[in-house]
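Throughout the sequence shown, residue numbering follows numbering that gives the first Met the number 0, covering 0 to 172 in sequence.
Heads up, the thing below is written out as structure tokens.
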Amino acid sequence: MAAPLEIRYYPDPVLRKLSVPVSPQDTTIPQLVTDLFATLEGRGIGLAAPQVGILKRVVVVDLGPEYSETLPLALINPEITWRSEETSACSNGCLSFPGFWEDVVRPEEIVVAYQDVNFRPQSLKAQGLLAVCIQHEIDHLDGILFIDHLSKLKRASVIRRFKKQIAEGLSAS
Ligand code: NI
0 MAAPLEIRYY PDPVLRKLSV PVSPQDTTIP QLVTDLFATL EGRGIGLAAP
50 QVGILKRVVV VDLGPEYSET LPLALINPEI TWRSEETSAC SNGCLSFPGF
100 WEDVVRPEEI VVAYQDVNFR PQSLKAQGLL AVCIQHEIDH LDGILFIDHL
150 SKLKRASVIR RFKKQIAEGL SAS
């Protein structure tokens, strides 16, 4: 059974914590992956375990049907092993900041090493939106949020507007 989990919103302190690597001995991982996909469904393209308050190095990515060749993807203990020198700016949203989108500059292409849900080692070269999404989600495992990639001024503006939105009552949308 898949159970959607409660998403933690900024400035929940759990979003700033470091997540720990997981091992095959942790028998909760397959259920966690199932629940993360259930939480993500219809709401976004990527989710990291700390966003539901679980400080484990697990992320899920699902860009939708046009990427069905490689997705949906669960990445356990993901690690970026190569980054291109070329960068590109791409709009980033985050389920912990509903309603907010800002351009973030990141490496255009990456190689990510990870384990799949059966703890088999995998490696994937990603570019475009998939690379953006994987980098954004791995940042979450290190307590890094997309606002950290913005200029000081822009970051302050997003935080101010988001806190205002929370104060006015976060809409369910
Ligand atoms: Ni996010």
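Every residue, glycine too, gets a C-beta built ideally from N, C-alpha and C.
Per DSSP, reduced to three states, the secondary structure at residue 108 is strand.
Here the region 149 to 159 makes no contact with the region 20 to 33; the two share fewer than three CB pairs at distances below 8 Å.
Counting only residues of its own chain and dropping the five nearest sequence neighbours on each side, residue 161 has a CB closer than 7 Å to the CB of 9, 96, 99.
At the C-beta level, residue 124 and residue 110 come within 8 Å of one another. Excluding residues up to 5 positions away in sequence, 34, 38, 51 lie with their Cβ nearer than 6 Å to the Cβ of residue 4 in the same chain. Per DSSP, residue 126 lies in no alpha helix (DSSP H) segment; the continuous beta strand (DSSP E) that holds it begins and ends at 120 to 126.
Per the coordinates, the alpha-carbon of residue 7 lies some 32 Å from the alpha-carbon of residue 83. In the structure shown, residue 79 adopts extended strand secondary structure according to DSSP, grouped into three states.
Close CB contacts of residue 13 within its chain, under the 8 Å cut and outside five residues either way in sequence, are with 7, 49, 52, 54 (chain order). Beta bridge pairing from DSSP links residue 91 with 101.
Taking residue 114 as the centre and dropping the five residues before and after it, the same chain places the C-beta of 75, 76, 120, 121 closer than 7 Å to its C-beta, in chain order. For residue 164, the three-state secondary structure derived from DSSP is helix. In the DSSP assignment, residue 47 falls within the unbroken beta strand (DSSP E) covering 45 to 47.
Listed in chain order, the non-local C-beta contacts of residue 16 below 6 Å within the same chain comprise 54, 142, local neighbours out to five positions each way being set aside. Setting aside the 5 residues that flank it on each side, residue 116 is surrounded in the same chain by 28, 29, 32, 73, 75, each with a C-beta closer than 8 Å to its C-beta; the list follows chain order.
When the beta-carbon positions are compared, residue 129 and residue 47 stay at least 8 Å from each other.
For residue 79, the closest alpha carbon among the candidates 108, 44, 64, 127 is that of 108. Distance from the CA of residue 126 to the CA of residue 94, rounded to the nearest whole angstrom, comes to 22 Å.
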